[in-house]
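Working notes, beginning with the structure itself.
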Amino acid sequence: MSLPRHPARPLVAGAPGATGAGPSASEPGAAIAHATPGAGAADPLRAALREVLARGVHGLCFSPYLEGQAPGSPVDEAQIAERLAILRPHARWIRSFSCTDGHEQTPRLARAMGLRTMVGAWLGTDAAINEREIAAVIEVGRAGHADIVAVGNEVLLREDLDEDALLGFIRRVQDALPGVPVGTVDAYYLFERHPRIAAACDVVLANCYPFWEGCPREHALAYMQDMVRRTRAAAPGKRLVVSETGWPDRGSPFHGAVPSTEGAIAYFVDTQRWAEAEGVEIFHFAAFDEAWKVGAEGDVGAWWGLWDKDGQPKFTR
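According to our numbering, the stretch in the sequence shown is residues 411 to 727, in order.
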């Protein structure tokens, strides 16, 4: 099966920064955010990154794939455990994306390491795979290994399922797992467009990517904060989790958004410091680089990790 994350997104009308002229950042980390790339900026950026990672972040998006693997490749317990052990000192939560092909082992192994889990069931256009994913995520939840269940990832964005079908899956998992918060992950603005989905979720799981809306790096923190504000307005009173956000360090620009090492570090530091100060639950995308994503997202797809494809730290060496 295929797990594409982000088709090329149109710029969202009315969002700050959509034309490359977003608001000025005046939030925590602004001095780092506006540091000019180059040798003089590199050391302070890396020092800030080390500080944030040493303190530990709320959550990291986790995939255990090794070189040559891709969605559909079976993964075993030893491989998952080895990858999780790299992240364990630096995060309190792990987010997984699937409960088939061996990924159903991830929540159990993570919980055994003291990590909390947002457990994903991957939904797409294949009805048989959808059924296996739903049955498996329910089994994981009943075993006590899921702190949050995410029923689908960007299903509405890809238009893989209609609203009624997605609602049916959400309610089915809620009925099977009383006491476990259940939601669906999607682009933040789709909760505005689908109020029935927002209302049905126990927890609203919003993907917030200034990069994929062409926002220049210097405005990205303020842009992301506005994404969070809009999601809260679309789901008043609901628990909100930023289920993905990040910035690539290599690849082709997307409108005004330019990948760079300094940009990736600064965006990570800025968003983590802001989230900690404001008490926002946030999952950084991603833990590891994954080469297979080049096919789904273009050359930029392989370069979102804090660690490289071999599990080595990219920015703190």
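All residues carry an ideal CB built from backbone N, CA and C; glycine is no exception. Note that the structure is predicted; figures quoted are calculated from it, not measured.
Does the Cβ of residue i have 16 or more other Cβ atoms within 10 Å, making it buried, or fewer, making it exposed?
{"i": "Pro626", "result": "buried"}
{"i": "Met523", "result": "exposed"}
{"i": "Gln722", "result": "exposed"}
{"i": "Trp720", "result": "The identity of residue 720 in the sequence shown is Asp, whereas the question assumes Trp. Exposed, since its Cβ has fewer than 16 Cβ neighbours within 10 Å."}
{"i": "Thr527", "result": "buried"}
{"i": "Ser506", "result": "buried"}
{"i": "Glu654", "result": "buried"}
{"i": "Glu623", "result": "buried"}
{"i": "Ser434", "result": "Since pLDDT at Ser434 reaches only 31, below the 50 mark, its modelled position is unreliable, and the value read off the structure follows with that caveat. With fewer than 16 Cβ atoms within 10 Å of its Cβ, Ser434 is classed as exposed."}
{"i": "Gly482", "result": "exposed"}
{"i": "Glu461", "result": "exposed"}
{"i": "Val647", "result": "Rather than Val, the amino acid found at residue 647 in this sequence is Gly. When all chains shown are included, Gly647 counts as exposed."}
{"i": "Pro663", "result": "exposed"}
{"i": "Gly562", "result": "buried"}
{"i": "Gly673", "result": "buried"}
{"i": "Pro484", "result": "exposed"}
{"i": "Ala537", "result": "exposed"}
So what's residue i in DSSP terms, helix, strand or just coil?
{"i": "Val638", "result": "helix"}
{"i": "Gly469", "result": "strand"}
{"i": "Ala452", "result": "Only weak support is given to the placement of Ala452: the predicted model assigns it a pLDDT of 49, under 50, and the value that follows is read from those uncertain coordinates. Helix at Ala452."}
{"i": "Thr516", "result": "helix"}
{"i": "Glu654", "result": "strand"}
{"i": "Ala480", "result": "coil"}
{"i": "Trp503", "result": "strand"}
{"i": "Leu525", "result": "coil"}
{"i": "Ala553", "result": "coil"}
{"i": "Val559", "result": "strand"}
{"i": "Val485", "result": "coil"}
{"i": "Phe621", "result": "helix"}
{"i": "Pro605", "result": "helix"}
{"i": "Arg493", "result": "helix"}
{"i": "Tyr633", "result": "helix"}
{"i": "Arg542", "result": "helix"}
{"i": "Arg460", "result": "helix"}
{"i": "Arg727", "result": "coil"}
{"i": "Thr510", "result": "coil"}
Looking only at its chain, what residues have a beta carbon closer than 6 Å to the beta carbon of residue i, apart from the 5 residues adjacent to it on each side?
{"i": "Tyr677", "result": "Ala630, Trp657"}
{"i": "Pro591", "result": "Ile558, Asp612, Val613"}
{"i": "Leu525", "result": "Ile504"}
{"i": "Gly661", "result": "Pro669, Asp709, Val710, Trp713"}
{"i": "Gln584", "result": "Val592"}
{"i": "Leu615", "result": "Ala560, Gly593, Val595, Val651, Ser653"}
{"i": "Leu463", "result": "His500"}
{"i": "Gly554", "result": "none"}
{"i": "Thr671", "result": "Asp659"}
{"i": "Asp570", "result": "Gly534, Thr535"}
{"i": "Ala610", "result": "Leu577, Ile580"}
Go through its chain and collect everything with a Cβ distance to residue i's Cβ below 7 Å, but skip five positions before and after it.
{"i": "Ala597", "result": "Glu564, Leu567, Asn617"}
{"i": "Ile496", "result": "Trp717, Gly721"}
{"i": "Glu543", "result": "Ser508, Cys509, Thr510, Ala531, Trp532, Leu533"}
{"i": "Val550", "result": "Cys509, Glu514, Pro517, Val529, Ala556"}
{"i": "Gln489", "result": "Pro474, Leu476"}
{"i": "Thr681", "result": "Leu631, Met634, Thr655, Ile692"}
{"i": "Glu602", "result": "Arg640, Ala644"}
{"i": "His604", "result": "Leu566, Glu573"}
{"i": "Glu686", "result": "none"}
Which residues in the same chain as residue i place their Cβ atom closer than 8 Å to its Cβ, once the five residues preceding and following it in sequence are excluded?
{"i": "Arg606", "result": "Glu573, Leu577"}
{"i": "Leu587", "result": "Ile548, Gly551, Arg552, Ala556, Val559"}
{"i": "Leu519", "result": "Glu487, Ile490, Ala491, Leu494"}
{"i": "Arg456", "result": "Ile675, Phe725, Thr726"}
{"i": "Gly715", "result": "Ala696, Ala697, Phe698, Asp699, Glu700, Lys724"}
{"i": "Val638", "result": "Tyr598, Ala616, Cys618, Leu650, Val652, Val690"}
{"i": "Ala546", "result": "Cys509, Thr510, Glu514, Ala531"}
Cβ of residue i less than 8 Å from any chain C Cβ?
{"i": "Trp714", "result": "Among the chains of the structure shown, chain C does not appear; only one protein chain is present."}
State the beta-bridge partners of residue i as determined by DSSP.
{"i": "Arg649", "result": "Val613"}
{"i": "Ala531", "result": "Val561"}
(request) Give, in chain order, every unbroken run of the beta strand (DSSP E) that is at least 3 residues long and sits entirely within the stretch 566 to 603. (result) 592 to 597
(message) Report the start-end ranges of each alpha helix (DSSP H) in the stretch 658 to 722 that is 4 residues or longer and not cut off at the edges.
(response) 671 to 688, 704 to 707
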